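*Asks:* Residue numbering for the sequence shown follows this note's numbering, beginning at 486 and increasing consecutively.
Below is the structure I would like to discuss, written out as structure tokens.
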Amino acid sequence: MRVSELANLKKDNIPWQERRLIIYGKGGPCGKKTKRRILPMSERIRGLIDHHFAEHNNAGMTARTGQRVVKQVANRAGISKPVTPHVLRHRYSVSCIKKGISTRALTALLGHDRLATTEIYLNLSPEDAIREFQNKW
Numbered sequence: 486m487r488v489s490e491l492a493n494l495k496k497d498n499i500p501w502q503e504r505r506l507i508i509y510g511k512g513g514p515c516g517k518k519t520k521r522r523i524l525p526m527s528e529r530i531r532g533l534i535d536h537h538f539a540e541h542n543n544a545g546m547t548a549r550t551g552q553r554v555v556k557q558v559a560n561r562a563g564i565s566k567p568v569t570p571h572v573l574r575h576r577y578s579v580s581c582i583k584k585g586i587s588t589r590a591l592t593a594l595l596g597h598d599r600l601a602t603t604e605i606y607l608n609l610s611p612e613d614a615i616r617e618f619q620n621k622w
């Protein structure tokens, strides 16, 4: 999800039993953030947010704070390349493609309106393209 979507996440948007997150994101009529999508909540994510939302009704951070946290974690991990929430979103997208998730499903997960927007994330390396070809043929 986008960092702004995480910052706006509320306890009421988490159907815990269904293991999903209801995200109100970018776009919608007149930029009112009425664009809604549903994301699966993995056990790992549930473990990360369960404790926080047991005590709070919302994420309790701004988008800028989320950006700072990502940068601090990357620095502590000794990652020298620039790491931002959007870089993580891009990396997640590429990982999904490599794991075989369809571009249609990825478009829905990312909250894109057009497949062409998702195709920006399809910049696989030549080795990946050759490997995929060999696996299919």
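Quick reminder that beta carbons are idealized off the backbone N, C-alpha and C, glycines included.
From a predicted model like this one, the values you see are computed outputs, not experimental measurements.
(1) Going by beta carbon distance, what residues of the same chain come within less than 7 Å of V579, once the five residues before and after it are set aside?
(2) Is the CB-CB distance between A548 and V488 below 7 Å?
(3) Got a sec, what are the start and stop residues for the beta strand (DSSP E) K584 sits in?
(4) If you compare alpha carbons, which of S565, L491 and I582 is closest to L533?
(5) Rounded to whole angstroms, what's the CA-CA distance from R574 to E604? Just pull it up for me.
(6) Leaving aside the five residues before and after I582 along the sequence, list all residues of the same chain whose C-beta is less than 8 Å from its C-beta, in chain order.
*Replies:* Looking at the atomic coordinates:
(1) As a working mapping, residue 579 is identified with position 94 in the sequence shown. Closer than 7 Å at the Cβ level, and outside the excluded window around V579, lie Y606.
(2) The residue given as residue 548 occupies position 63 in the sequence shown. The residue given as residue 488 occupies position 3 in the sequence shown. Yes. Within cutoff.
(3) On the sequence shown, position 99 is the one that residue 584 refers to. Per DSSP, K584 belongs to no beta strand (DSSP E) and is neither H nor E.
(4) As a working mapping, residue 533 is identified with position 48 in the sequence shown. Ranking S565, L491 and I582 by Cα distance to L533 puts L491 first.
(5) Taking the first residue of the sequence shown as 1, we reach residue 574 at position 89. Taking the first residue of the sequence shown as 1, we reach residue 604 at position 119. If you take the alpha carbons of R574 and E604, they lie about 14 Å apart.
(6) By one-based count along the sequence shown, residue 582 stands at place 97. Taken in chain order, the residues that qualify are T588, L591, Y606, L607 and L609.
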